[in-house]
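**Student:** Just so you know, we're using our numbering here: the sequence shown kicks off at 414 and counts up by one.
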Amino acid sequence: MKNEQPKSQPGQRRRYDEEFKRNAVELLERGERSAVQLSRELGVSDCSLGKWKRQYGKAARSTQSGAQAEQSRMVQLERQVEYLSRQRDILKKALAILGQEPSDSTK
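1. Output the distance between the C-alpha atoms of Gly470 and Asp502, rounded to the nearest integer angstrom.
2. Tell me the residue span of the alpha helix (DSSP H) that contains Gln513.
3. For Ser458, does the three-state DSSP call read helix, strand or coil?
4. Between which two residues does the alpha helix (DSSP H) containing Glu445 stretch?
5. So, do the segment 448-457 and the segment 423-437 have three or more beta carbon pairs nearer to each other than 8 Å?
6. What's the call for Ser452, buried or exposed, on a 16-neighbour Cβ count within 10 Å?
7. Label Leu497 either buried or exposed according to how many other C-beta atoms from any shown protein chain fall within 10 Å of its C-beta, with 16 as the threshold for buried.
Given below as structure tokens:
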């Protein structure tokens, strides 16, 4: 029995939820069927399937995890810069205090 997809009216674009797109990409990445075969079975265009693969596929996931690692590293470096700036300011104040001439209060 063939899966019946609801027909969209002319001028209307069909919307697919994220779960559907991720499942379609997972089926595509298994390699059991070609993109054209899978797109026909699912009732979507092969262009949409390719777009979804770029968006949700393995390569996209590895790029996203790399970007998250980079973002985490940036946050860590910003904290370190803030810490070192505070340390520098404290040392400047300490040097200013130590460099002052002692006031002669015995006169």
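For every residue, glycine included, the Cβ atom is placed at its ideal position computed from N, Cα and C.
This one's a predicted model, so the numbers in the text were calculated from it and none came from an experiment.
**Tutor:** The answer reads as follows:
1. 48 Å
2. Where Gln513 is concerned, there is no enclosing alpha helix (DSSP H), given that its DSSP letter is neither H nor E.
3. coil
4. No alpha helix (DSSP H) holds Glu445; DSSP gives it neither H nor E.
5. yes
6. buried
7. exposed
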